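Chains as they are written, first to last, in my numbering: chain A, 79 to 192; chain B, 11 to 123.
Glycine included, every Cβ here is placed at the ideal spot set by N, Cα and C.
In this text the structure is predicted, and so the values were computed from the model without any measurement.
Everything below concerns the one structure shown next.
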Amino acid sequence: EAQVTQNPRYLITVTGKKLTVTCSQNMNHEYMSWYRQDPGLGLRQIYYSMNVEVTDKGDVPEGYKVSRKEKRNFPLILESPSPNQTSLYFCASSLSFGTGGTQYFGPGTRLTVL
Amino acid sequence: AQSVAQPEDQVNVAEGNPLTVKCTYSVSGNPYLFWYVQYPNRGLQFLLKYITGDNLVKGSYGFEAEFNKSQTSFHLKKPSALVSDSALYFCAVWGAAGNKLTFGGGTRVLVKP
Numbered sequence: 079e080a081q082v083t084q085n086p087r088y089l090i091t092v093t094g095k096k097l098t099v100t101c102s103q104n105m106n107h108e109y110m111s112w113y114r115q116d117p118g119l120g121l122r123q124i125y126y127s128m129n130v131e132v133t134d135k136g137d138v139p140e141g142y143k144v145s146r147k148e149k150r151n152f153p154l155i156l157e158s159p160s161p162n163q164t165s166l167y168f169c170a171s172s173l174s175f176g177t178g179g180t181q182y183f184g185p186g187t188r189l190t191v192l
Numbered sequence: 011a012q013s014v015a016q017p018e019d020q021v022n023v024a025e026g027n028p029l030t031v032k033c034t035y036s037v038s039g040n041p042y043l044f045w046y047v048q049y050p051n052r053g054l055q056f057l058l059k060y061i062t063g064d065n066l067v068k069g070s071y072g073f074e075a076e077f078n079k080s081q082t083s084f085h086l087k088k089p090s091a092l093v094s095d096s097a098l099y100f101c102a103v104w105g106a107a108g109n110k111l112t113f114g115g116g117t118r119v120l121v122k123p
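Below you can see the structure in the form of structure tokens.
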């Protein structure tokens, strides 16, 4: 089944404790992206990747890191989480970018930083 | 910079009545427009998109949307709403010169029996 998977689905952590949220897609998509969803703000892009070893900042990149060593994986890293990073996070992928390709979303990771 | 506005935080409609969720956008160049739906505790599901061609786009679950270039709008519609359509709906735009999808703030739809 074609899908985007994220792990963990739920995470409660404390300020400053490094964490990684994994994202994997099995559709051989080139473009991958991370978003955070906050009430009333919709989804805001954190980082995106156009292909392996190619990443760039989105609208709200502060406090986050990403890497794209393999085409299928695009982990999101919070080196020193803070309470304002408490949010619902989504990973997404699409076949390509710039051509209106449909993005497919993972199930989401709900992160709480105490 | 591109942007999307969904002017209604919530839309209430009786089952069987028409449903409309409004969306306006701002983008340089030709837009690619999308509607996604989010059910409770789920990820976003693609409903439909406009790339080019016919201004009326038909999508999943009986939804359709009309692209209006002069009004820069892309309203989502369904002729007869179901209780199961209750969810959070997001409009999004991808600018032809850009490299990201910009979302509106979302509209919660509540369909009452």
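The beta strand (DSSP E) enclosing residue i, as first and last residue numbers
i: TYR113/A; result: 109–116
i: TYR125/A; result: 120–129
i: LEU73/B; result: As written in the sequence, residue 73/B is Phe, which differs from the Leu given in the question. PHE73/B -> no beta strand (DSSP E), and no H or E assigned at all.
i: ASP134/A; result: 132–135
i: ILE61/B; result: No beta strand (DSSP E) contains ILE61/B, which DSSP labels as neither H nor E.
i: PRO41/B; result: 41–48
i: TYR99/B; result: 97–105
i: THR30/B; result: 29–31
i: LYS88/B; result: 83–88
i: LYS147/A; result: Looking at the DSSP string, LYS147/A is not in any beta strand (DSSP E), and its letter there is neither H nor E.
i: ALA91/B; result: It is not in any beta strand (DSSP E) - ALA91/B carries neither H nor E in the DSSP assignment.
C-beta atoms of residue i and residue j nearer than 8 Å
i: VAL99/A; j: TYR167/A; result: yes
i: ALA75/B; j: LEU98/B; result: no
i: TYR60/B; j: LEU43/B; result: yes
i: PRO185/A; j: ARG52/B; result: yes
i: VAL144/A; j: TYR113/A; result: no
i: GLY115/B; j: GLN16/B; result: yes
i: LEU156/A; j: LEU97/A; result: yes
i: PRO50/B; j: VAL93/B; result: no
i: THR34/B; j: THR112/B; result: no
i: THR187/A; j: GLN123/A; result: no
i: GLY105/B; j: GLN12/B; result: yes
Cβ shell of residue i (< 6 Å), same chain only, five flanking positions each side left out
i: VAL23/B; result: LEU29, ALA91 and VAL121
i: LYS149/A; result: VAL130
i: ASN104/A; result: none
i: LEU121/A; result: TYR113 and GLN115
i: PRO161/A; result: VAL191
i: ASP54/A; result: In the structure displayed, chain A extends from 79 to 192; residue 54/A sits before or after that span and is not available.
Chain A contact residues for residue i, given Cβ-Cβ distances below 7 Å
i: GLY115/B; result: GLY118, LEU119 and GLY120
Per-residue burial, residue i [other beta carbons within 10 Å of its own, 16 or more giving buried]
i: VAL47/B; result: buried
i: ALA133/B; result: For chain B, the structure presents residues 11 to 123; residue 133/B sits outside this window and is missing.
i: LYS95/A; result: exposed
i: PRO117/A; result: exposed
i: TYR182/A; result: buried
i: PRO41/B; result: buried
i: ALA170/A; result: buried
i: LYS79/B; result: exposed
i: TYR88/A; result: exposed
i: PRO86/A; result: exposed
Partner residues on chain B for residue i, Cβ-Cβ distance less than 7 Å
i: GLN181/A; result: LEU111
i: TYR167/A; result: In chain order: nothing, as chain B lies at least about 11 Å away.
Contact set between residue i and chain A, taken where Cβ atoms lie within less than 8 Å
i: ARG52/B; result: PRO185 and GLY186
i: PHE100/B; result: GLY120 and LEU121
Own chain residues within Cβ distance below 8 Å of residue i, not counting five before or after
i: GLY179/A; result: TYR109, SER172 and LEU173
i: ASP95/B; result: LEU29, TYR71, LYS88, VAL119 and VAL121
i: SER127/A; result: TYR109, MET110, SER111, THR133, ASP134, VAL144, ARG146 and PHE152
Interface partners of residue i on chain A, CB under 9 Å
i: PHE56/B; result: THR180, GLN181, TYR182 and PHE183
Interface partners of residue i on chain B, CB under 8 Å
i: GLY136/A; result: LYS110
i: TYR125/A; result: By Cβ distance, chain B contributes nothing, its closest Cβ being about 10 Å from TYR125/A, past 8 Å.
Contacts around residue i, its chain only, beta-carbon distance under 7 Å, and the 5 residues preceding and following it disregarded
i: LYS135/A; result: TYR125
Chain-ordered neighbours of residue i on chain B, where CB pairs are closer than 9 Å
i: TYR142/A; result: Correct list: empty, because the minimum Cβ distance to chain B is about 15 Å.
Residue i Cβ short of 7 Å to the ligand HEM heavy atom set
i: SER111/A; result: You won't find the ligand HEM in this model; it holds no ligand whatsoever.
Contact list for the stretch 83–95 of chain A against chain E, Cβ threshold 7 Å | Included in the structure are the protein chains A and B, with no chain E among them.
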